[in-house]
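Q: Residue numbering for the sequence shown follows numbering that gives the first Met the number 0, beginning at 0 and increasing consecutively.
We treat Cβ as the ideally placed atom computed from N, Cα and C, and that holds for glycine.
Everything numeric in this text was worked out from a predicted model, so none of it was measured.
Questions regarding the structure given below will be posed in turn.
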Amino acid sequence: MRLRYSVEAEEFRAGLDRWLDEHLPPVAEMSEAKRSSAHLPDWARAWQRRLFDAGWLVPGWPPELGGRNATPTEQMIYFEEIARRQIPRSLNPQGLSIIAPSILDFGDDAQKERFVLPTLRGEITWCLGMSEPGAGSDLASLATRAVRDGDKFVVTGQKVWTSGAHHADWCFCFVRTDPDAAKHKGISVLVIDMSTPGITCRPLPELTERDFADFNEVFFTDVEVPAENLVGELNGGWAMAQGSLGHERGMLWIGSVANVERGVEALVELGDEKGADGQRLGDDTRFRDAVASLYIDSQAQRFLGYRGFAKFERGEPALEHAILKLFTSETERSIYLTAVEALGPEGLDQARAGPPMWRDGSWAVQYLRSFSGTIAGGTSEIQRNIIAERVLGLPR
Numbered sequence: 000m001r002l003r004y005s006v007e008a009e010e011f012r013a014g015l016d017r018w019l020d021e022h023l024p025p026v027a028e029m030s031e032a033k034r035s036s037a038h039l040p041d042w043a044r045a046w047q048r049r050l051f052d053a054g055w056l057v058p059g060w061p062p063e064l065g066g067r068n069a070t071p072t073e074q075m076i077y078f079e080e081i082a083r084r085q086i087p088r089s090l091n092p093q094g095l096s097i098i099a100p101s102i103l104d105f106g107d108d109a110q111k112e113r114f115v116l117p118t119l120r121g122e123i124t125w126c127l128g129m130s131e132p133g134a135g136s137d138l139a140s141l142a143t144r145a146v147r148d149g150d151k152f153v154v155t156g157q158k159v160w161t162s163g164a165h166h167a168d169w170c171f172c173f174v175r176t177d178p179d180a181a182k183h184k185g186i187s188v189l190v191i192d193m194s195t196p197g198i199t200c201r202p203l204p205e206l207t208e209r210d211f212a213d214f215n216e217v218f219f220t221d222v223e224v225p226a227e228n229l230v231g232e233l234n235g236g237w238a239m240a241q242g243s244l245g246h247e248r249g250m251l252w253i254g255s256v257a258n259v260e261r262g263v264e265a266l267v268e269l270g271d272e273k274g275a276d277g278q279r280l281g282d283d284t285r286f287r288d289a290v291a292s293l294y295i296d297s298q299a300q301r302f303l304g305y306r307g308f309a310k311f312e313r314g315e316p317a318l319e320h321a322i323l324k325l326f327t328s329e330t331e332r333s334i335y336l337t338a339v340e341a342l343g344p345e346g347l348d349q350a351r352a353g354p355p356m357w358r359d360g361s362w363a364v365q366y367l368r369s370f371s372g373t374i375a376g377g378t379s380e381i382q383r384n385i386i387a388e389r390v391l392g393l394p395r
């Protein structure tokens, strides 16, 4: 099957490509920024602002919010090209993909004015306060408390695996405001200034050999938050959580599928190198079979994504995102494992340069990172439950 975009859609792609060819920073500059905790925030903010000013940060948004009113098809093309070129859109992807859209959906006018455009311009960054030591996949079990005290809430508790908290300005934080209600019904959302007294952020070291961490623990000790920072209705946080994850999973499948395809391409290139036995990998039948199988998986994922996208365009419910979340994250891990096993001990060397498309990190680094992809945004186990119950109609 061959799918073709319309002439108008291809003109949109050509315009995006021309702008990126002219303005995209050199690979070496991006690589250095991604490797250094000292340079990354300033570099990423500047690059995000360039995208925003040109209308290429959130092209599906209206022009008054820095977008182009791009059609769903044009947005799909945009995410394909961004993923194909491995271009970072922002230091703060959660702010763009989850939090700003959630504030637009649920926030009041003052919150929209205060947070949305500054987030898009890269003037403020966010972390997402969801996971806790006892509430990972089961968000409804969260225990961080927010008690109303006059014109403020007092927050006490702990979040964990909080991406980017160490350089975030604000936290979009899910808290329990009614401990006596059913666990799904007593949750609210507060936006919390990360410089507020009583907040302690502790980065979590990773196996990857970098000078900074992505994940953090965040502790709240009697943190006072103005009541005006409540987003949406009191105890209405569960619906917001579902909306937030919907934004996260929306069109992000496009980038996930593109990452899988790029990983398979990198395996093909790896075939010219020598394996653990000193022989060319491309001559090894087991390696060739593994790459062929992964290529088939990547194409199945692409067409599954197109099917979900067609439903999305027609306004129909689509659960393909759950299948793709499971499929792509597990396939990415298989790609990196295939490379590491084929290279033998050398494949475990984090200093060994990987394909240029990653701009940082070896096969070993990518393999270690790939485990988080099967957890973040909904674990593989949770996705299997969703598929079983909502797609296949199996009993709970």
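Does residue 383 come out as helix, strand or coil in the three-state DSSP assignment?
A: Of the three classes helix, strand and coil, the one that applies to residue 383 here is helix, per DSSP.
Q: Spatial neighbours of residue 297 within its chain, please: C-beta separation below 6 Å, excluding the five flanking residues on both sides.
A: Closer than 6 Å at the Cβ level, and outside the excluded window around residue 297, lie 259, 260 and 263.
Q: How many whole angstroms separate the CB atoms of residue 171 and residue 226, which I take to be in contact at a CB cut-off of 8 Å?
A: Contact flag wrong, Cβ pair sits at about 16 Å.
Q: Would the beta-carbon of residue 305 fall within 8 Å of that of residue 336?
A: Cβ distance not < 8 Å, so residue 305 and residue 336 don't count as in contact.
Q: Distance check for residue 375 and residue 228, CA to CA, integer angstroms please.
A: Using only the alpha carbons, I get a separation of about 26 Å.
Q: Using a Cβ-Cβ cutoff of less than 6 Å, which residues in the same chain neighbour residue 137 once the five nearest sequence positions on both sides are dropped?
A: Around residue 137: no qualifying Cβ.
Q: Suppose contacts are defined by Cβ-Cβ distances below 8 Å. Is residue 19 in contact with residue 84 by that definition?
A: Contact: yes.
Q: Are there 16 or more other CB atoms within 10 angstroms of the CB of residue 158, so buried, or fewer, so exposed?
A: Residue 158 should be labelled buried.
Q: When the Cα atoms are used, what is the spatial distance from residue 11 to residue 253?
A: Between residue 11 and residue 253, the C-alpha separation is close to 17 Å.
Q: To test your reading of the DSSP string, which unbroken beta strand (DSSP E) runs of 3 or more residues are found completely within the segment 131 to 171?
A: Complete beta strand (DSSP E) runs here, min 3: 144 to 148 and 151 to 159.
Q: Using C-beta distances below 6 Å, list every residue in its chain close to residue 267, excluding the 5 sequence neighbours before and after it, in chain order.
A: Contacts found: none.
Q: In chain order, what residues of the same chain have a beta carbon less than 6 Å from the beta carbon of residue 191, not counting five sequence neighbours either side?
A: Around residue 191: 170, 172 and 224.
Q: Spell out the partners DSSP gives residue 191 in its beta bridges.
A: DSSP, once it has assigned bridges, lists 170 as partnering residue 191.
Q: Which same chain residues, not among the five before or five after residue 98, have their C-beta less than 6 Å away from its C-beta?
A: Taken in chain order, the residues that qualify are 125 and 171.
Q: Alpha carbon to alpha carbon, how far is residue 308 from residue 380? Give it in angstroms, no decimals.
A: Near 24 Å, if we compare the C-alpha coordinates of residue 308 and residue 380.
Q: What whole-angstrom Cβ distance do residue 165 and residue 202 have, given they're in contact under 8 Å?
A: Yes, residue 165 and residue 202 are in contact; Cβ-Cβ is about 5 Å, under 8 Å.
Q: Taking the straight line between their C-alpha atoms, what separation do you get for residue 377 and residue 273?
A: Cα-Cα distance, rounded: 37 Å.
Q: Using DSSP with H/G/I as helix, E/B as strand and the rest coil, what is residue 116?
A: Looking at residue 116 - three-state DSSP - the assignment turns out to be helix.
Q: By Cβ distance below 6 Å, which residues in the same chain neighbour residue 130 in space, the five residues on each side in sequence not counted?
A: Answer for residue 130: 159 and 160, listed in chain order.
Q: Any heavy atom of the ligand GDP within a distance shorter than 7 Å of the CB on residue 21?
A: Questions concerning the ligand GDP fall outside what the structure shown contains, since it holds no ligand whatsoever.
Q: Find the nearest neighbour of residue 163 within the set 324, 141 and 90, judged by alpha-carbon distance.
A: When each option's Cα is compared against that of residue 163, the closest is 90.
Q: Is it buried or exposed for residue 127, if we count other Cβ within 10 angstroms and need 16 for buried?
A: So residue 127 ends up on the buried side.
Q: Identify every residue that forms a DSSP beta bridge with residue 225.
A: In the DSSP output, where bridge partners are listed per residue, residue 225 has 151.
Q: Please report how far the alpha carbon of residue 206 lies from the alpha carbon of residue 21, in whole angstroms.
A: Answer to the nearest angstrom: the Cα atoms are 37 Å apart.
Q: With burial defined as no fewer than 16 other Cβ atoms inside 10 Å of the residue's Cβ, what is the status of residue 346: buried or exposed?
A: The residue is buried, with at least 16 neighbouring Cβ atoms inside 10 Å.
Q: Could you tell me if residue 392 is buried or exposed, where buried requires 16 or more neighbouring beta carbons within 10 angstroms of its beta carbon?
A: With fewer than 16 other Cβ atoms within 10 Å, it is exposed.
Q: Restricting to Cα atoms, I'd like to know which of 219, 44, 301 and 77 is closest to residue 60.
A: Ranking 219, 44, 301 and 77 by Cα distance to residue 60 puts 77 first.
Q: Tell me the DSSP bridge mates of residue 125?
A: Answer is 169.
Q: From which residue to which residue does the beta strand (DSSP E) around residue 198 run?
A: Segment 198 to 202, the beta strand (DSSP E) holding residue 198.
Q: My assumption, with CB atoms under 8 Å, is that residue 269 sits in contact with residue 363. Please give the rounded CB distance.
A: Actually they do not touch by this definition, with Cβ atoms about 13 Å apart.
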